[in-house]
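Beneath this line is the structure, given in structure tokens, with notes to follow.
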Amino acid sequence: MWCQFADIGGVAGEGIHKWRVPGTPTPVVDFTLTLCVAWFIAWICSVSLALTTSLLILLGMFLHAIFCVEIGV
Numbered sequence: 031m032w033c034q035f036a037d038i039g040g041v042a043g044e045g046i047h048k049w050r051v052p053g054t055p056t057p058v059v060d061f062t063l064t065l066c067v068a069w070f071i072a073w074i075c076s077v078s079l080a081l082t083t084s085l086l087i088l089l090g091m092f093l094h095a096i097f098c099v100e101i102g103v
């Protein structure tokens with residue numbers, strides 16, 4: 031769909047995306063930022079952190095699919 035913008039957030043496996051959560055293909059920076067944003071949204075909206083985190087991870091998977099970025103899952 032919008033594959034020409036696949037590297038807009040950085041090239042997978044290079045630079046800041048080369049550090050992975052041990053045992054997973056997930057970049058540490060992506061996961062950390064997702065948790066921080068989830069915590070902020072949960073705090074502002076008074077909703078469950080688990081629900082917010084789950085929805086943001088699903089949103090991230092959807093966005094990766096739109097931009098034709100492999101997520102390794």
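Sequential numbering of the sequence shown, starting at 31, is according to our numbering. C-beta atoms are modelled at their ideal positions from N, C-alpha and C, and glycine is treated no differently. Given the structure is predicted, the values throughout are model-derived calculations rather than measurements.
Distance between L89 and R50 (C-alpha atoms, nearest Å): 20 Å
Whole runs of the alpha helix (DSSP H) within the region 39–78, excluding any shorter than 4 residues: 58–75
Secondary structure of I96, DSSP reduced to three states: helix
Same chain, Cβ closer than 7 Å to P2, neighbours up to 5 away in sequence not counted: Outside the displayed span of the chain (31 to 103) sits residue 2, for which this structure offers no information.
CA-to-CA distance, G45 to Q34, given in whole angstroms: 20 Å
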